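In the numbering used here, the protein residues as written are 1 to 57.
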Amino acid sequence: MSTGKIREIADACVRTDATAVVFHNDLTDRQRRALSEIFGSAVLTIRELKEERRANG
Numbered sequence: 001m002s003t004g005k006i007r008e009i010a011d012a013c014v015r016t017d018a019t020a021v022v023f024h025n026d027l028t029d030r031q032r033r034a035l036s037e038i039f040g041s042a043v044l045t046i047r048e049l050k051e052e053r054r055a056n057g
């Protein structure tokens, strides 16, 4: 992901008061931490959401 795209997402988070950003691709823990700091919100992946959904039935 380019620096410009990260800035664009961060701006959208501020404008929309987002509490989470969901990515289609898996992220490393380091990527997740860095993006969460930049965005000021939780960073999740589709895989995590699906796993949580299965666990909670």
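Even for Gly, the Cβ is constructed at its ideal location relative to N, Cα and C.
Because the structure is a prediction, the values reported are computed rather than measured.
Query, Result
"Note down the Cα distance separating I38 from M1, rounded to an integer number of angstroms.", "14 angstroms"
"Compute the Euclidean distance between the alpha carbons of R33 and K5, then round it to the nearest angstrom.", "17 angstroms"
"Given a cut-off of 7 angstroms on the beta-carbon distance, is the pair T3 and F23 in contact?", "no"
"By how many angstroms is the C-alpha of A42 removed from the C-alpha of E8?", "16 angstroms"
"Distance, Cα to Cα, A10 vs E52?", "25 angstroms"
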